[in-house]
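No gaps in the numbering here: position 8 of the sequence shown is 10 in the working numbering, and each next residue is one more.
Built from N, CA and C at the ideal position, the CB exists for glycine as well.
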Amino acid sequence: MSNFNTVSEVNTQGFVNEPVDPRLDLFEAIKLLKIEKNAVILAHYYQDSDIQDIADYIGDSLGLAQEAAKTQADIIVFAGVHFMAETAKLLNPTKKVLMPDFRAGCSLSDSCPPDEFRKFREAHPDHVVISYINCSAAIKAQTDIICTSSNAIKVVESVPKDKPILFAPDKNLGAWVAKKTGRDLLLWDGACMVHEIFSLEKITKLKALHPHALFIAHPECEEPVLKLADYIGSTTGLLKFTKENPATTFIVATESGILHQMEKSSPSKTFIPAPPNNNCACNDCPHMKLNTLEKVYLCLKHELPEVQIDPLLFEDALRPLQRMLEISAKP
Ligand code: 13P
Ligand code: SF4
Numbered sequence: 003m004s005n006f007n008t009v010s011e012v013n014t015q016g017f018v019n020e021p022v023d024p025r026l027d028l029f030e031a032i033k034l035l036k037i038e039k040n041a042v043i044l045a046h047y048y049q050d051s052d053i054q055d056i057a058d059y060i061g062d063s064l065g066l067a068q069e070a071a072k073t074q075a076d077i078i079v080f081a082g083v084h085f086m087a088e089t090a091k092l093l094n095p096t097k098k099v100l101m102p103d104f105r106a107g108c109s110l111s112d113s114c115p116p117d118e119f120r121k122f123r124e125a126h127p128d129h130v131v132i133s134y135i136n137c138s139a140a141i142k143a144q145t146d147i148i149c150t151s152s153n154a155i156k157v158v159e160s161v162p163k164d165k166p167i168l169f170a171p172d173k174n175l176g177a178w179v180a181k182k183t184g185r186d187l188l189l190w191d192g193a194c195m196v197h198e199i200f201s202l203e204k205i206t207k208l209k210a211l212h213p214h215a216l217f218i219a220h221p222e223c224e225e226p227v228l229k230l231a232d233y234i235g236s237t238t239g240l241l242k243f244t245k246e247n248p249a250t251t252f253i254v255a256t257e258s259g260i261l262h263q264m265e266k267s268s269p270s271k272t273f274i275p276a277p278p279n280n281n282c283a284c285n286d287c288p289h290m291k292l293n294t295l296e297k298v299y300l301c302l303k304h305e306l307p308e309v310q311i312d313p314l315l316f317e318d319a320l321r322p323l324q325r326m327l328e329i330s331a332k333p
């Protein structure tokens, strides 16, 4: 991870640690700061509902990258995780990109260390490298084309059929894309801690209990879970499906933050989070949930912590992102 700009002003935990008057209306205070500083808040669907409600734009990884690339604001507060904020900085480098909590990383991104990945890539020099956006700038810099869960199939299909493809870091998304495209992808062995722990047994019981419910899942889930799904898609895809499908009950296998937008968009429908194989009823991403409304307020007030990209990586990490955006924009 890159360093803070002014490390002395941010506690070693990764956020501005200053007492906030409990009587302060954080929604109002954040709105005023946004106007004063010409700032925009971009939030992923996995954020707490309060953060989603104060955000200027809520989206999946692709939507957030597209929004970050075109914003005219001077400051982007990225309420998501580190690789997303890094992507925003790469796509719009003149903007100040802030994170409410700099520790908000990603287990999937961490499952792909740059040095090991370099060895893997060098062992397969003839392969086109496609990396899921959930990776560090150091991995992006070793990649030919980035993809998200929204456009992974399109990105893989953009590569000529005679070219072998190495896909990193998510083996579950990679296996699903391989099945959908009929391409033989060489997979890096990485996975997301949130999507790997859904309980097949509990989902099967839940389906039996709600026979009319549709089961929908994110492609980061493991294959046995995906096999049960009536629909598989990115967070935006899942949300759209619940809006457009006439079914009234959905069992949702992804991080539980998305349920907030599903309930807001379809208030008469019922959304049941798919249970994990532990004692919790739903699946929260511990990284995403490090961000709080208070930390959003403090990061905007102090303009810290700020995301920086290693200048030596910048051009190489940007190129595969731009290729993705070009491919995504094609009809
Ligand atoms: P999408 O928002 O692209 O569906 O990705 C889900 C995810 O795991 C983000 O960390
Ligand atoms: Fe990473 Fe998974 Fe959390 Fe997304 S949900 S940020 S992939 S750990």
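Unbroken alpha helix (DSSP H) run spanning residue i, endpoints
{"i": "L327", "result": "316-331"}
{"i": "I311", "result": "Counting along the chain, I311 falls outside any alpha helix (DSSP H), and DSSP gives it neither H nor E."}
{"i": "L202", "result": "202-211"}
{"i": "L292", "result": "Premise fails: L292 is in no alpha helix (DSSP H) and is neither H nor E."}
{"i": "P115", "result": "Where P115 is concerned, there is no enclosing alpha helix (DSSP H), given that its DSSP letter is neither H nor E."}
{"i": "E305", "result": "Taken as a continuous stretch (DSSP letters only), E305 belongs to no alpha helix (DSSP H), as it is neither H nor E."}
{"i": "I141", "result": "139-142"}
{"i": "A90", "result": "84-93"}
{"i": "I155", "result": "154-159"}
Coil, strand or helix - residue i by DSSP
{"i": "P21", "result": "coil"}
{"i": "I132", "result": "strand"}
{"i": "S4", "result": "Caution applies to S4, whose pLDDT of 40 falls short of 50 and renders its modelled position unreliable; the model cannot decide the point."}
{"i": "D164", "result": "coil"}
{"i": "L26", "result": "coil"}
{"i": "I234", "result": "strand"}
{"i": "K98", "result": "strand"}
{"i": "V42", "result": "strand"}
{"i": "G107", "result": "coil"}
{"i": "A57", "result": "coil"}
{"i": "G65", "result": "helix"}
{"i": "G176", "result": "helix"}
{"i": "A170", "result": "strand"}
{"i": "A193", "result": "coil"}
{"i": "G16", "result": "coil"}
{"i": "D286", "result": "coil"}
Among the options, the one whose alpha carbon lies nearest that of residue i
{"i": "I32", "options": "N19, D55, H46, I274", "result": "D55"}
{"i": "V309", "options": "C287, E30, H84", "result": "H84"}
{"i": "P102", "options": "P115, E198, M86, T96", "result": "M86"}
{"i": "V18", "options": "V158, D312, E305, E317", "result": "E305"}
{"i": "Q144", "options": "K121, P162, K163, G16", "result": "K121"}
{"i": "S151", "options": "A177, T294, L28, D50", "result": "A177"}
{"i": "V298", "options": "L100, S113, G259", "result": "L100"}
{"i": "G235", "options": "K36, E317, E257", "result": "E257"}
{"i": "R185", "options": "H129, M195, L230, I60", "result": "H129"}
{"i": "L35", "options": "A319, P313, L320, K303", "result": "K303"}
{"i": "L327", "options": "V157, A125, K97", "result": "V157"}
{"i": "N293", "options": "D58, R105, F119", "result": "R105"}
{"i": "F29", "options": "A57, T244, Q49", "result": "A57"}
{"i": "G94", "options": "A67, N174, P322, L202", "result": "Residue identity differs from the one stated: residue 94 is Asn in this sequence, not Gly. When each option's Cα is compared against that of N94, the closest is A67."}
{"i": "Q324", "options": "H46, N40, L315, A71", "result": "A71"}
{"i": "T96", "options": "F217, Q74, E159, C114", "result": "Q74"}
{"i": "A140", "options": "R321, H126, K332, A331", "result": "R321"}
{"i": "S330", "options": "Y48, C137, C287, S160", "result": "S160"}
{"i": "K204", "options": "V227, L216, M195, L189", "result": "V227"}
Boundaries of the beta strand (DSSP E) in which residue i is found, first to last residue
{"i": "I78", "result": "77-81"}
{"i": "C149", "result": "147-149"}
{"i": "F217", "result": "216-219"}
CB-CB length for residue i against residue j, believed under 8 angstroms
{"i": "L44", "j": "A81", "result": "7 angstroms"}
{"i": "I167", "j": "C149", "result": "With a Cβ gap of about 11 angstroms, I167 and C149 do not count as contacting."}
{"i": "I132", "j": "D146", "result": "7 angstroms"}
{"i": "T237", "j": "D62", "result": "4 angstroms"}
{"i": "G16", "j": "P307", "result": "6 angstroms"}
{"i": "L240", "j": "I260", "result": "6 angstroms"}
{"i": "K163", "j": "I311", "result": "Going by Cβ atoms, the distance from K163 to I311 rounds to 34 angstroms, so no, they are not a contact pair."}
{"i": "L300", "j": "V79", "result": "Not really, about 11 angstroms apart at Cβ, beyond 8 angstroms."}
{"i": "P277", "j": "S201", "result": "6 angstroms"}
{"i": "H289", "j": "T251", "result": "Incorrect: roughly 29 angstroms between the Cβ atoms, too far for contact."}
{"i": "S113", "j": "A193", "result": "6 angstroms"}
Contact test: residue i Cβ vs the ligand SAM heavy atom, cutoff 7 angstroms
{"i": "S113", "result": "The model on display carries the ligand 13P and the ligand SF4 but not the ligand SAM."}
Contact with chain D by residue i, beta-carbon distance below 8 angstroms
{"i": "C194", "result": "Here there is only one protein chain, and chain D is not present."}
>> To test your reading of the DSSP string, which unbroken beta strand (DSSP E) runs of 3 or more residues are found completely within the segment 223-281?
In response: 251-255, 272-275
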